[in-house]
Structures are given as structure tokens and as C-alpha cells.
Amino acid sequence: MTMTLNVPSIKCEGCGDTITKEIKVHDADAKVSVDIENKTVEVDSTMSESSVKQAITSAGHEVA
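The opening residue of the sequence shown carries number -9 in our numbering; numbering runs sequentially from there.
In C-alpha cells:
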């Protein structure tokens, strides 16, 4: 399932890397694309949307 989430706390590539790594801990096959300028994260994963949101939160970011 592909989902696009607004993550207003994204500031830089490092933020994107942190989010990507945290999602991949839970689903190694997930495809994660972080758009820093638009502050969005697109995730193609077998994880539920709530699980992806929880992973992003665990990485220290907020999901709008």
C-alpha cells in the first residue's frame, strides 16, 4: 500500500534518512521517498498507515 504523509518537522536530508531507517527497521522492503521541500514522506509498504505514523513518531518527527 502506498501512502503520502505530511511531516512538518522535516528540515534536512538527515531527517529524511532518520525516518527512512526507522521505517525500514519494521519493513526492510519498504520504499520510502522523502520530499524535504514539501515536507512529505511517501511510503510503499505492507505496514498499516498507523504503523508507519508510529515509526515516524518514534524517529522523533510529527505526522500532521
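Built from N, CA and C at the ideal position, the CB exists for glycine as well.
Under a three-way DSSP split, which group does K43 fall into?
Counting from 1 along the sequence shown, the entry for residue 43 is found at position 53. Three-state DSSP puts K43 in a helix.
Name the residue from T(-8), T36 and V(-3) whose alpha carbon lies nearest to the alpha carbon of G50.
Counted from its first residue, the sequence shown places residue 50 at position 60. Here the closest residue by C-alpha is V(-3).
Option nearest D19 by Cα separation, candidates K43, E3, T47 and T(-8)
Your numbering for residue 19 matches position 29 in the sequence shown. Nearest of K43, E3, T47 and T(-8) to D19, Cα basis: T(-8).
Beta carbon of T(-6) nearer than 7 Å to that of E32
Stepping through the sequence shown from its first residue, residue -6 is reached at position 4. Stepping through the sequence shown from its first residue, residue 32 is reached at position 42. Their beta carbons are under 7 Å apart, which means T(-6) touches E32 by this criterion.
Terminal residues of the alpha helix (DSSP H) in which K14 lies:
As a working mapping, residue 14 is identified with position 24 in the sequence shown. That run of the alpha helix (DSSP H) goes E3 to H16.
Answer with buried or exposed for E27, where buried requires no fewer than 16 other C-beta atoms within 10 angstroms of its C-beta.
Sequence index remark: in the sequence shown, residue 27 carries index 37 (1-based). With fewer than 16 other Cβ atoms within 10 Å, it is exposed.
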